Amino acid sequence: MNEGNIVCTVCPTSCLIDAKWDEKELISIDRAQCKLAWGYISDEIFDPKRVVTTTVPTETGKNPLVSVKTAEPVPKHLVLDIMDTLAVVQAKGLVNAGDVIVADVLGTGVNIIATSNSD
Amino acid sequence: MRTEQVDVAVVGGGPAGLAAALSAKESGAEHVLLIERGERMGGILNQCIHDGFGTKLMGEAFTGPEYAQIFINRLTNTGVNVKLDTMVMDISSDRELVICSSDGLIRVKAGAIVLCTGCRERTRGAIRIPGTRPAGVFTAGVVQEYMNIRNLSVGRKVVILGSGDIGLIMARRLTLEGVEVECVAEILPYPSGLARNIVQCLEDFEIPLYLSTTVVDIHGIDRVEGITLAKIGPRGGIVRGTKRFVKCDTLLLSVGLIPENELAKKAGIKLSPVTAGPIVDDHFQTSIPGIFCGGNALQVHDLVDYASMESEKAGRSAAFFAGAGKLPSPSIKVLPGQGIRYVIPHEVSGNEPVDFSMRVKSPEADRYIVFKQGEKVIRRMRQIELAPAAMIRMRVRSDRFQRSLDSLTVEVAD
Ligand SMILES: Cc1cc2nc3c(=O)[nH]c(=O)nc-3n(C[C@H](O)[C@H](O)[C@H](O)COP(=O)(O)OP(=O)(O)OC[C@H]3O[C@@H](n4cnc5c(N)ncnc54)[C@H](O)[C@@H]3O)c2cc1C
Ligand code: SF4
């Protein structure tokens with residue numbers, strides 16, 4: 540069995556969790572202030588995920604950039620690949636927050652969506 | 015000068031101002047005016063494109079622009095009058111504002127005012143780094159605006175001084191954009207940003223964080239060519255033999271935020287030497303009746319949610335004052351005791367429940383935050399982890415206050 544301290548980063552409270560796990564699954568957690576920790580810590584051990592936020596240039600908007608994010612957390616090892624994919628993307632036409640900028644990025648099943656407006 | 019009359023004037027259209035204007039309107043103030051000097055509402059959130067805003071208030075992690083948009087949408091059609099590109103030049107103790115826009119100067123007579131002017135960044139001057147004055151030294155928030163709003167890049171090889179949250183967030187942002195972040199240096203023996211940002215922004219990208227370390231020299235004539243780092247001993251001096259040169263073309267400063275209170279000073283509002291924000295009571299009323307304050311202008315927040323929550327209360331109080339002409343006066347002074355740097359509000363009436371916010375002086379593990387009046391403990395909460403970076407919020411019910419006593423002390427205890 541393995542054990543260690545992992546910071547839960549779901550919210551800024553940043554609880555320092557005592558976790559125990561084996562090869563297959565999370566066995567126990569201690570010192571979490573809420574239920575959200577279990578899923579996060581389990582992912583963090585077996586398949587760490589992150590939300591990627593960045594910007595892409597606009598075509599016509601008043602603002603030179605719109606901000607974008609992955610609509611869901613994506614596997615951490617893909618973060619830099621997603622940045623490379625987005626490096627050549629330009630948002631077409633007028634953009635509103637929530638618009639899909641890239642569908643199913645790198646086959647993750649997750650969309651890149653705008654988080655601000657181009658105008 | 016043209017003169018306008020309003021019930022509540024809110025200065026600043028960031029998250030604090032938005033929340034204050036909304037709640038003033040919802041609490042019955044008829045003419046609410048929101049004044050923002052920028053071209054859009056949302057304040058600093060427009061440049062905070064990362065996620066993690068709104069977890070306390072909405073149970074979900076939004077990006078800064080998304081969080082702002084939720085409040086901007088709520089404000090639409092409420093009848094709150096919004097003036098953008100308009101700067102408040104002056105306010106007086108009898109609640110008159112002078113505002114300036116392309117329409118010229120206008121005098122606004124307000125029943126109540128809420129100051130939500132946010133904060134500004136400490137600069138190189140404020141921390142006195144020796145060395146040359148080359149280009150390439152920026153505050154972290156300025157670089158955040160350059161990159162996230164204006165599409166400008168600042169350099170190829172960066173050192174960040176100070177482990178404040180904006181510096182950490184920018185370490186990640188720069189790395190993602192292909193800029194090399196050499197290291198983050200922090201003069202204190204512990205990080206000043208949240209643990210969450212240490213993990214997500216530094217550890218994820220293997221960016222080193224050097225504690226008890228600072229920049230003692232900046233090199234370069236036209237452009238930064240490097241900096242000298244050194245270890246700082248427990249008494250604040252440079253540890254001999256620890257100086258080393260780090261090559262870089264850019265130095266980012268993330269060395270703290272200071273509440274923006276030029277207007278408050280002009281009106282003669284009493285400021286706290288510790289927070290640099292106004293002294294307020296539990297209605298967020300300042301030392302001048304009818305002038306209120308919330309958000310980063312009152313105290314630097316790490317969570318926007320709490321900036322919104324306190325300003326909501328400030329807006330409600332302002333609406334009440336504009337109607338009734340006064341509020342119950344506070345009779346209990348709130349004093350920071352052992353281990354506590356500051357507590358807000360600074361005084362309370364004890365007639366209503368109060369949400370206190372506070373910061374500790376240094377990191378501690380497994381202690382209690384204790385509220386005491388005389389020898390009596392009126393509220394106590396166990397804290398597994400205490401860090402100066404994390405603001406603590408605690409509610410005290412109205413029936414807990416001993417109104418016969420004129421003070422209350424908050425301390426860290428076993
Ligand atoms: C540079 C910077 C970066 C930040 N980045 C992060 C981050 O990455 N993550 C995070 O969680 N928190 C961040 N914060 C903290 C965050 O700002 C607060 O949680 C929150 O935005 C505070 O809201 P506010 O409304 O009090 O201030 P602000 O958002 O600063 O809004 C104040 C508004 O008042 C306006 N104003 C000021 N003076 C006048 C005047 N005289 N007349 C008219 N209008 C005026 C300003 O233009 C501004 O729009 C950052 C703060 C700063 C200063
Ligand atoms: S355990 Fe809950 S409260 Fe603690 S950091 Fe995780 S989400 Fe936040």
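Protein chains in written order, with this note's numbering: chain Z, 540 to 658; chain X, 15 to 428.
By construction, the Cβ of each residue, glycine as well, lies at the ideal position given by its N, Cα and C atoms.
Since the structure is predicted, the reported quantities are computational estimates derived from the model, not experimental observations.
- Runs of the alpha helix (DSSP H) lying entirely within the stretch 93-123 of chain X and spanning at least 4 residues: none are present.
- For X:I63, the closest Cβ of chain Z is nearer than 7 Å.
- Per the coordinates, the alpha-carbon of X:I163 lies some 50 Å from the alpha-carbon of X:R417.
- The closest heavy atom of ligand 2 lies less than 6 Å from the beta carbon of Z:T552.
- Considering only beta carbons, the part of the stretch 384-401 of chain X lying closer than 8 Å to chain Z consists of I398 and E399, in chain order.
- Interface with chain Z (7 Å Cβ-Cβ cutoff): X:L188 is excluded.
- Using a C-beta cut-off of 8 Å, the stretch 349-358 of chain X makes no contact with the stretch 325-341 of chain X, since fewer than three inter-stretch Cβ pairs fall below that distance.
- Contact check between the stretch 617-628 of chain Z and the stretch 581-593 of chain Z: three or more CB pairs, one atom from each, fall below 8 Å, which counts as touching.
- Put simply, the stretch 605-613 of chain Z touches the stretch 61-79 of chain X. At least three CB pairs are less than 8 Å apart.
- If you compare the alpha carbons of X:I105, X:S107, X:D117 and X:R109 with that of X:D99, the shortest gap goes to X:D117.
- Just so you know, the alpha carbons of Z:D561 and Z:M540 end up roughly 5 Å apart.
- If you look at X:M323, you'll find it in the alpha helix (DSSP H) that goes V318 to A338.
- Here X:A199 really is in contact with X:Y224; their C-beta atoms are around 5 Å apart, less than 8 Å.
- Assigned with DSSP and collapsed to three states, Z:A630 falls in strand.
- Under a 10 Å Cβ-count criterion, X:P222 is classified as exposed, with fewer than 16 other Cβ atoms of the shown protein chains found around its own Cβ.
- Secondary structure at X:M72: helix, using DSSP grouped into helix, strand and coil.
- According to the DSSP assignment, Z:V618 belongs to the alpha helix (DSSP H) that extends over V618 to L625.
- Contact annotation: in the stretch 306-318 of chain X, residues whose CB is within less than 9 Å of a CB in chain Z are D316 and L317.
- Z:D638 and Z:I652 have their C-alpha atoms roughly 5 Å apart.
- Put simply, the CB of X:R407 is far from chain Z, with every gap to its CB atoms at 7 Å or more.
- At a threshold of 6 Å, X:A404 does not count as near ligand 2, since its beta carbon sits no closer than that to any of the ligand's heavy atoms.
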